[in-house]
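**Student:** The listed protein sequences correspond, in order, to chains A and B.
Residue 203 in UniProt numbering sits at position 203 of the first sequence, and the numbers go up by one each step.
Residue 13 in UniProt numbering sits at position 13 of the second sequence, and the numbers go up by one each step.
Built from N, CA and C at the ideal position, the CB exists for glycine as well.
Below is one structure. I have some questions about it.
Protein chains: 2
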Amino acid sequence: MKQGKRSVTITDIARELSISPSTVSRALNNHPAIKEETKRKVITLANKLNYQPNLLALNLLNKKTNNIGVVVPEITSHFFAAIISGIQDILNASGYNIIMCQSNESYREEIKIIENLSSVRVDGFLIAPSSKTRKLDHFVKLKNSGVPIVIFDRDCQGLDVDKVLLDDYDGAFQAVDYLVKSGCKKVAHLGGSLSLSTSIHRRQGYIDALKSNNLSVRDDHIFHTKGFKHSDGIRAAKSLLKLKDPPDAIFAVNDRIAIAAMYVAKMYGFKIPEDISIIGFDDEPHSSYFTPSLSTVRQPAYSIGLLSARILLQNLSNPHDSPGFRREIFRPELIIRDSSRLRPDT
Amino acid sequence: MKQGKRSVTITDIARELSISPSTVSRALNNHPAIKEETKRKVITLANKLNYQPNLLALNLLNKKTNNIGVVVPEITSHFFAAIISGIQDILNASGYNIIMCQSNESYREEIKIIENLSSVRVDGFLIAPSSKTRKLDHFVKLKNSGVPIVIFDRDCQGLDVDKVLLDDYDGAFQAVDYLVKSGCKKVAHLGGSLSLSTSIHRRQGYIDALKSNNLSVRDDHIFHTKGFKHSDGIRAAKSLLKLKDPPDAIFAVNDRIAIAAMYVAKMYGFKIPEDISIIGFDDEPHSSYFTPSLSTVRQPAYSIGLLSARILLQNLSNPHDSPGFRREIFRPELIIRDSSRLRPDT
């Protein structure tokens, strides 16, 4: 607070008009027992003095804040931003406000955020856990306090709450199966950190698609990057494409890594897709403007946001104590562009 | 709240231990008048019952929430995400929590956000105004309530608060001056919405750079897109490059529009940079991985975030009532890659 400036209270308004604070309060709340003339006077003065109702105090009474906490690992990614758009479209239409926090993939940050949002008392939580989150005590504590939670995108095994997830396994399987059916014999994988459930599931989809096509899984054709920056992808792609027996296709864990792989492949003289096919995951907005345009797996991020928010709203209006929780799983869509060969049958 | 589950209060703990609520309160606050034995009992039971101190009530007393409201038009853009990273690094280190909200470039949303964050009483505000914000009443009201505000990225003329801005004019001037000095005679501009101060300043920098090089400003070589999607850029670039007398260079208002222009130029058979040079603005992470890699103007987004947060912290710890406000302006940096010709003198 700046010096000499403090918030105007109901008492200030009451003193100025020589009426009781309770009359001011009822006037502001449009109570029928208060005369119109009084209401007019109170409201005019309240506006003049820049009076702001102390919602903190009101919240103490009705225990509802109309705020929903949304916790994501990072807001930079197009994927989470699109989910947040979906969440926002539903919650704003229902009169809820969104309070966003990013954990920066840090377990400690995530705990701090949950504690802080709990203390300002949000009505519900929509959470995509950080990649470092192993212990779930902070989520369990939150759940036990009775606040509705919906987990989205990344699974938390062992935590029984409503979840909206994406079938990463299926997306990876579709991509790798396509690569093999289009004639590629040596499909490599540039994967992400194995501390993320999404990376684990995409890797498994890759492995199973190879097996179901009777191709062997080669350890020297699988690299996992620690981070998701282009530079992580550049490093991994260089190691992969320098091999004496390089792959003829790459399935990358996301578009950023795929774009880095395209960059390295071109630098090393590979023709895309003649010498090497590349498929990413995410369908970022710029992916179709590269040369060649990037084939990818599109995630229905906006729809994941919509559904997560809808489930939370249902829990808020109609709390359930049943042991069953919803587990909704979206199926991603393979988008074939110019960075991968065409299937002979298409 | 789920049925049968309500928050544990100090009264519950008091009843269970047969002591007074005020003793419980003082025990939890480590008051010297309370015996260690009692403190131990209270804390043990509070943990067992999952007691959460009602910070709403505490905040009413000490009037400090440790929350800072950060309001941006959109979190999707790399630019705002990088600013937020800078803000977060400073505020988290100082024990503040960040509550983020996005206005989606909507004036109405922005007003709602300001009202909501005011009512949960954040200690300060960091705001990049929406492109639709004309009236400043909501900011003036906020300022008059005594809460410190720092405006960043987009100027609000007529609002006297601390501001951290970027010299968009200078960035545009540098880019266009470079294009002319590298031999381009017909430099076009793909600009953004003229409701944004950044777009206006970049346009003016473009115009003045042409004039200072004794080149005429051609109305048919200036297009302004409404939005910032690739599709907006594609449409504008098509109109521009279909002209009978097309430009030999394009300065685009941002990288997204520049990438769309590169896409259209290639589609129409222009060689980049031989036939046409293209320079963007923002230096998005993927911009250097395009073929050719995109020349651009780099904004020190992270530093803008750092400085904005530092100024806010100074205001929080040492409120000033002086009429003077800080106005910090960052100078952007021209990054020349392969989408623009080299200057003969470099």
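1. Would residue 352 of chain A and H189 of chain A be called neighbours here (beta carbons separated by less than 8 Å)?
2. In this structure, how does DSSP classify residue 378 of chain A when only helix, strand and coil are distinguished?
3. Output the distance between the C-alpha atoms of E115 of chain A and E105 of chain A, rounded to the nearest integer angstrom.
4. I want to verify the contact list: residues of chain B whose CB lies under 9 Å from the CB of F84 of chain A, in sequence order.
5. Is there contact between the segment 303–312 of chain B and the segment 139–152 of chain B, where contact requires at least three CB pairs shorter than 8 Å?
6. Residues of chain B with CB under 7 Å from P285 of chain A, in chain order?
7. Which value, in whole angstroms, describes the spacing of the CA atoms of R327 of chain A and L165 of chain A?
8. For the putative contact between N254 of chain B and N144 of chain A, defined by C-beta atoms under 8 Å, what is the C-beta separation to the nearest angstrom?
9. Have a look at A:L243, A:D219, A:I34 and A:M262 and flag the residue whose alpha-carbon is nearest the alpha-carbon of H230 of chain A.
10. Counting only beta-carbon atoms, is N213 of chain A nearer than 8 Å to chain B?
11. Quick one: residues in its chain with C-beta nearer than 6 Å to the C-beta of R121 of chain A, no 5 flanking neighbours on either side, listed in chain order?
12. Decide if S18 of chain B is buried, meaning its Cβ has at least 16 other Cβ atoms within 10 Å, or exposed.
13. Taking only the alpha-carbon atoms, compute the straight-line gap between G146 of chain A and S195 of chain B and give it to the nearest angstrom.
14. For I75 of chain A, I'd like the list of residues in its chain whose CB is within less than 8 Å of its CB, leaving aside the five on either flank, ordered along the chain.
15. Are R343 of chain B and K185 of chain B touching if we call contact CB-CB under 8 Å?
16. Any heavy atom of the ligand NAD closer than 7 Å to the Cβ of V122 of chain B?
17. Taking a Cβ distance cut-off of 8 Å, strictly less, list which residues of the segment 101–134 of chain B are near chain A, in chain order.
18. Determine the direct distance from the alpha carbon of I111 of chain A to that of Y268 of chain B, and round the result to whole angstroms.
19. Out of A:S77, A:I98 and A:S216, state which residue places its alpha-carbon closest to the alpha-carbon of L312 of chain A.
20. What is the DSSP secondary structure of F139 of chain A, reduced to helix, strand or coil?
21. With distance defined between alpha-carbon atoms, name the residue in B:A128, B:L126, B:D160 and B:G124 nearest to V140 of chain B.
22. Under 8 Å, do S277 of chain A and S339 of chain A count as touching if we go by C-beta distance?
23. Restricting to Cα atoms, I'd like to know which of A:G69, A:G171, A:H224 and A:V72 is closest to I335 of chain A.
24. Less than 8 Å between C-beta atoms, sequence neighbours within five positions excluded: which residues of the same chain meet that for L210 of chain A?
25. Ignoring anything shorter than 4 residues, give me the alpha helix (DSSP H) runs that lie fully in the segment 168–214 of chain B, in order along the chain.
26. Taking only three categories from DSSP, how would you classify I222 of chain A?
27. Using only the alpha-carbon positions, how far apart do N59 of chain B and S118 of chain A sit?
28. Does the beta-carbon of T44 of chain B have 16 or more other beta-carbons within 10 angstroms, so that it is buried, or is it exposed?
29. Please list the terminal residues of the continuous alpha helix (DSSP H) segment that includes Q88 of chain A.
30. Which two residues bound the contiguous beta strand (DSSP E) that contains Q102 of chain A?
31. Report the three-state DSSP secondary structure of K163 of chain A (helix, strand or coil).
32. Mind checking which residues open and close the alpha helix (DSSP H) that includes T11 of chain B?
33. Looking at the C-beta of I272 of chain B, does it have a partner C-beta in chain A at a distance below 8 Å?
34. In whole angstroms, what is the alpha-carbon distance linking S20 of chain B and A27 of chain A?
35. Beta-carbon separation of V264 of chain A and A237 of chain A under 8 Å?
36. Using only the alpha-carbon positions, how far apart do S130 of chain B and V72 of chain A sit?
**Tutor:** So, to answer that:
1. For residue 352 of chain A there is no data in the structure shown, the boundaries of chain A being 1 and 346.
2. Nothing can be reported for residue 378 of chain A, as the shown portion of chain A is limited to 1 through 346.
3. 17 Å
4. The sequence given here has Ile at residue 84 of chain A, not Phe. Those within 9 Å of I84 of chain A in chain B are I75, T76 and Q102.
5. yes
6. H230
7. 7 Å
8. Their Cβ separation, rounded to whole angstroms, is 47 Å, which puts N254 of chain B and N144 of chain A out of contact at 8 Å.
9. A:M262
10. no
11. T65
12. exposed
13. Their Cα atoms are separated by approximately 45 Å.
14. In the same chain as I75 of chain A, and ignoring 5 residues on each side of it, the C-beta atoms closer than 8 Å to its own belong to A81, I84, M100 and Q102, in chain order.
15. no
16. Although the ligand NAD was asked about, the structure shown includes no ligands whatsoever.
17. Answer set for the segment 101–134 of chain B: C101, Q102, N104, E109, K112, I113, N116, S118, S119, V120 and R121.
18. For the pair Y268 of chain B and I111 of chain A, the Cα-to-Cα distance works out to about 53 Å.
19. A:I98
20. helix
21. B:D160
22. yes
23. A:G171
24. V176, V180, V187, S216 and V217
25. 168–181 and 197–212
26. strand
27. With a pLDDT of 45 at N59 of chain B, under the threshold of 50, the modelled position of that residue is not reliable, and the figure given next carries that caveat. If you take the alpha carbons of N59 of chain B and S118 of chain A, they lie about 14 Å apart.
28. An exposed status is given to T44 of chain B, since fewer than 16 other beta-carbon atoms sit within 10 Å of its beta-carbon.
29. Element bounds for Q88 of chain A: H78 to A93.
30. Run containing Q102 of chain A: N97 to Q102, per the beta strand (DSSP E) assignment.
31. K163 of chain A sits in a strand when the DSSP states are folded into three classes.
32. I10 to L17
33. Answer no: the Cβ-Cβ gap between I272 of chain B and chain A never drops below 8 Å.
34. 37 Å
35. Yes, they are a contact pair.
36. 23 Å
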